[in-house]
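I have placed the structure first, in the form of structure tokens, so that the comments after it can refer back to it.
2 protein chains.
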Amino acid sequence: MRFETLLIVGGGLIGSSIARAARETAQCKTIYMADTSETACQTITKLGIADGVADGPADHFAAQSDLVILCTPSARLATTAMALIPSMKAGAVLTDVGSVKGHFVDAMAGQVREDIHFIPGHPIAGTENSGPESGFAALFKDRWCVITPPEGADDTAIQALTKFWEGLGSQVAVMDPSRHDIVMATTSHLPHLIAYTLVGTAIDMETVTRKEVVKFSAGGFRDFTRIAASDPVMWRDVFLTNKTATLELVDRFIEDLTALKRAIRWDDGDTLLDSFAKTRDIRRRILDSDPD
Amino acid sequence: MRFETLLIVGGGLIGSSIARAARETAQCKTIYMADTSETACQTITKLGIADGVADGPADHFAAQSDLVILCTPSARLATTAMALIPSMKAGAVLTDVGSVKGHFVDAMAGQVREDIHFIPGHPIAGTENSGPESGFAALFKDRWCVITPPEGADDTAIQALTKFWEGLGSQVAVMDPSRHDIVMATTSHLPHLIAYTLVGTAIDMETVTRKEVVKFSAGGFRDFTRIAASDPVMWRDVFLTNKTATLELVDRFIEDLTALKRAIRWDDGDTLLDSFAKTRDIRRRILDSDPD
Chain A
68 MRFETLLIVG
78 GGLIGSSIAR
88 AARETAQCKT
98 IYMADTSETA
108 CQTITKLGIA
118 DGVADGPADH
128 FAAQSDLVIL
138 CTPSARLATT
148 AMALIPSMKA
158 GAVLTDVGSV
168 KGHFVDAMAG
178 QVREDIHFIP
188 GHPIAGTENS
198 GPESGFAALF
208 KDRWCVITPP
218 EGADDTAIQA
228 LTKFWEGLGS
238 QVAVMDPSRH
248 DIVMATTSHL
258 PHLIAYTLVG
268 TAIDMETVTR
278 KEVVKFSAGG
288 FRDFTRIAAS
298 DPVMWRDVFL
308 TNKTATLELV
318 DRFIEDLTAL
328 KRAIRWDDGD
338 TLLDSFAKTR
348 DIRRRILDSD
358 PD
Chain B
68 MRFETLLIVG
78 GGLIGSSIAR
88 AARETAQCKT
98 IYMADTSETA
108 CQTITKLGIA
118 DGVADGPADH
128 FAAQSDLVIL
138 CTPSARLATT
148 AMALIPSMKA
158 GAVLTDVGSV
168 KGHFVDAMAG
178 QVREDIHFIP
188 GHPIAGTENS
198 GPESGFAALF
208 KDRWCVITPP
218 EGADDTAIQA
228 LTKFWEGLGS
238 QVAVMDPSRH
248 DIVMATTSHL
258 PHLIAYTLVG
268 TAIDMETVTR
278 KEVVKFSAGG
288 FRDFTRIAAS
298 DPVMWRDVFL
308 TNKTATLELV
318 DRFIEDLTAL
328 KRAIRWDDGD
338 TLLDSFAKTR
348 DIRRRILDSD
358 PD
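Taken in order, these protein sequences are the chains called A and B.
So the first sequence is numbered by my numbering: it starts at 68 and just counts up by one.
So the second sequence is numbered by my numbering: it starts at 68 and just counts up by one.
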């Protein structure tokens, strides 16, 4: 199975990066794109990253495509999928790049045609920038892409999708949707919520001016602002669709922070030292494992 | 006033970087260093970044120095200062690089000789690495250094210390110690406490393995691990000495996080969107203001 023709629905950072990467690495002969925003479509056309662009319904492209990748905001994934499925080619693969998998998989239960291979996915890649201009071909290089094939999914289709992502430079991991969501709640969703909160707390301080926050941001704050500059709509949808895992993580985090706060209040330096010392090792392991 | 002879007490990341930078930019003719750790002194000697190294009391160096910079952990600043003051040259400047100013200034009240210029300081610079090997001359370049001269401090001494830091590449800001501490609690101390907590929460998850945390850290978690790899002893001392400001900030942060948690639980997407949208602007302002 090879994907000669590709349709990317949603031309933001991820969608436009897939288009660029698929072109650069010659994964597909023809690349179509669709976006509900007229401005985005004009930009995509100007950038010349697709062989055809649909501003609105993309049924005519879906009918010709061997691989359809949904790159819309999470909240619109299921409705977008259901609108396209009737036009899709028999034997084609339908995937997505959403940050939450359980919610989408549940919404699609019983909605996918038997002759289509539905294999949800999630490339662990991104920047704080949004829109078609912000994409770049190397975004997926040396990154993980998680795919969550449903039980009984066709092996050939799984292998073809794996090869596609490997072709863009990624390593592919296969996971269960609910495991994906708890792992991502830990390594991505909680960090984003915390960064948004911290930056908000800082700019709401009446006794510290925004000018001072900007001026002295090198002391640690700056690192949080990159994450807190991520797409607000996308992240609203992530938290609302991965609610259970996020709420559990937030509760644990508040418990842990409260314990450290109590240690500070009662001058319990040993508790602080123990907590701070145990986090160094994970940094070393991340640096060791990273090809960057 | 020029600082021909410099004594740096504490040869860690900051102290050893000052030695390197002062040498490279020819701020001083003679640079002495002292450290209570024998190993650190051996390393400093091997690195050749000082003209003399004292393993223990540094009174003989203090007696010759025009500028004494204390780079010890915050908790030891006051006792180190009091041990050296009796030997210091009349007219010399005594400063430090501690991350918290109010606690040190309070501890020194009435303890400084009239013929010595006591001007506390804090360069807003650092990395997650510790020890003499981790220092480098460019650490202070394009960074802010806050100095907190007490009321009635000598203008010539303030200007000389300002020129010294400017000579190392920094910009100098003059602030009141208590204002410094609340600004730093916002832009540095809270971010560090949050990063330590978040990394701790993640590695304590029973349902997510450390291997998974490392593997999928690119989703946001990775940015926190750099800060959470900072020196545990230094940061214990920061929180215990800047207790009031830190506790106030942590309380505000927990309030703000709880509000977002409630919005997630009740599907209140508008509250999430409003909160996430307002944090983007500060990132742009930081990038605009930054010479990096």
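Positions of the beta carbon are idealized from the N, C-alpha and C atoms, including for glycine.
Here the structure is a predicted model, which means the values were calculated and not measured.
Report, in whole angstroms, the separation of the C-beta atoms of B:Val172 and B:Leu151, which I expect to be a contact under 8 Å.
About 17 Å; that fails the 8 Å criterion.
Could you pull out every residue in the same chain whose Cβ sits closer than 8 Å to the Cβ of B:Asp359, ignoring the five residues on either side in sequence?
Here B:Asp359 scores only 46 on pLDDT, less than 50, and its place in the model should not be relied on; the value that follows carries that caveat. Excluding residues within five positions, the ones whose Cβ falls inside 8 Å are Asp209.
Kindly list, in the order they appear in chain B, the residues whose Cβ is closer than 7 Å to that of A:Gly188.
The contacting residues do not exist; A:Gly188 stays about 14 Å from chain B at best.
So for B:Gln109, helix, strand or coil by DSSP?
In the structure shown, B:Gln109 sits in a helix (DSSP, three-state: H, G or I).
DSSP three-state label for B:Gln238, please.
If DSSP states are grouped into helix, strand and coil, B:Gln238 belongs with the strands.
Kindly provide the ranges of any beta strand (DSSP E) runs that are 3 or more residues long and lie completely inside the segment 252-312 of chain B, ordered along the chain.
List check, beta strand (DSSP E) in window: nothing returned.
Please report whether the beta-carbon of B:Glu200 lies at a distance below 8 Å from any beta-carbon of chain A.
Not closer than 8 Å to any Cβ of chain A, the Cβ of B:Glu200 fails to qualify, so no.
Taking C-alpha atoms, which residue in A:Asp304, A:Ile183 and A:Leu80 lies nearest to A:Gly219?
For A:Gly219, the nearest C-alpha among the options comes from A:Ile183.
Hey, does B:Val250 have any beta-carbon neighbour from chain A nearer than 8 Å?
Yes, because at least one Cβ of chain A sits closer than 8 Å to the Cβ of B:Val250.
Ends of the alpha helix (DSSP H) at B:Asp173?
Note, B:Asp173: alpha helix (DSSP H), Gly169 to Met175.
Would you kindly report the start and end of the unbroken alpha helix (DSSP H) that includes B:Thr72?
Counting along the chain, B:Thr72 falls outside any alpha helix (DSSP H), though it belongs to the beta strand (DSSP E) covering Thr72 to Val76.
Quick one, which of B:Gln94, B:Glu71, B:Thr97 and B:Leu114 has its alpha-carbon nearest B:Gly78's?
For the residues B:Gln94, B:Glu71, B:Thr97 and B:Leu114, the minimum Cα distance to B:Gly78 belongs to B:Leu114.
Going by the beta-carbon positions, is the gap between B:Cys95 and B:Phe70 smaller than 8 Å?
Yes, they are a contact pair.
Taking just the CA atoms, how far does B:Ile98 sit from B:Ala130?
One C-alpha to the other measures close to 13 Å.
Would a check of beta-carbon distances place B:Pro258 closer than 8 Å to chain A?
Answer yes: the Cβ-Cβ gap between B:Pro258 and chain A drops below 8 Å somewhere.
Show which residues of chain A have a CB atom less than 8 Å away from the CB atom of B:Trp333.
Result: empty, since nearest Cβ-Cβ is about 10 Å, beyond 8 Å.
Under the assumption that A:Pro187 contacts A:Thr162 (Cβ atoms under 8 Å), give the Cβ distance between them as a whole number of angstroms.
Confirmed, about 6 Å.
Can you tell me where the beta strand (DSSP E) holding B:Ala101 begins and where it ends?
Its beta strand (DSSP E) spans residues Thr97 to Asp102.
Within 8 Å, do at least three Cβ pairs link the segment 254-267 of chain B to the segment 310-323 of chain B?
Short answer: they touch.
Would you mind sorting B:Arg351 into buried or exposed? The rule is 16 or more other CB atoms within 10 Å of its CB.
So B:Arg351 counts as exposed.
Output the boundary residues of the beta strand (DSSP E) element that contains A:Ile136.
Leu134 to Leu137 is the extent of the beta strand (DSSP E) around A:Ile136.
When you compare the CB positions of B:Arg90 and B:Ile116, do they come within less than 8 Å of one another, or not?
Closer than 8 Å, so yes.
Hey, A:Met251 and B:Gly286 are a contact pair by Cβ (cut 8 Å); roughly how many whole angstroms apart?
Going by Cβ atoms, the distance from A:Met251 to B:Gly286 rounds to 6 Å, so yes, they are a contact pair.
Give a yes or no on whether the minimum CB-CB distance between B:Tyr99 and chain A is below 8 Å.
No, because no Cβ of chain A sits closer than 8 Å to the Cβ of B:Tyr99.
Going by beta carbon distance, what residues of the same chain come within less than 7 Å of B:Ser132, once the five residues before and after it are set aside?
These residues qualify, in order along the chain: Thr72, Leu73, Leu74, Tyr99, Lys156 and Ala159.
Hey, is the segment 219-233 of chain B in contact with the segment 264-273 of chain A, meaning 3+ C-beta pairs nearer than 8 Å?
With the cut-off at 8 Å, the segment 219-233 of chain B and the segment 264-273 of chain A do not touch.
What does the Cβ neighbour count give for B:Trp379, buried or exposed, with the cut at 16 atoms within 10 Å?
The requested residue 379 of chain B is not part of the displayed model; chain B covers only 68 to 359.
Chain B partners of A:Glu195, CB-CB under 8 Å?
Here the neighbours are Arg350.
Using 8 Å as the limit for Cβ to Cβ distance, is A:Gly79 near chain B?
Not closer than 8 Å to any Cβ of chain B, the Cβ of A:Gly79 fails to qualify, so no.
Thinking C-alpha only, which one of B:Leu137, B:Ile331 and B:Ile191 is nearest B:Val239?
Residue B:Ile191 is the option with its Cα nearest to B:Val239.
Put B:Asp243 into one of helix, strand or coil per three-state DSSP.
Coil at B:Asp243, not helix or strand.
Quick one: which chain B residues come within Cβ less than 7 Å of A:Pro299?
Within 7 Å Cβ-Cβ: Leu340, Phe343 and Ala344.
Which residues in the same chain have their Cβ closer than 6 Å to the Cβ of B:Gly193, if we skip the five residues on either side of it in sequence?
Same-chain partners within the cutoff: there are none.
What does the Cβ neighbour count give for A:Lys278, buried or exposed, with the cut at 16 atoms within 10 Å?
By the neighbour-count rule (16 or more Cβ atoms within 10 Å), A:Lys278 is not buried but exposed.
Between A:Ile249, A:Gly177 and A:Val120, which has its C-alpha nearest A:Pro199's C-alpha?
Nearest C-alpha to A:Pro199: A:Val120.
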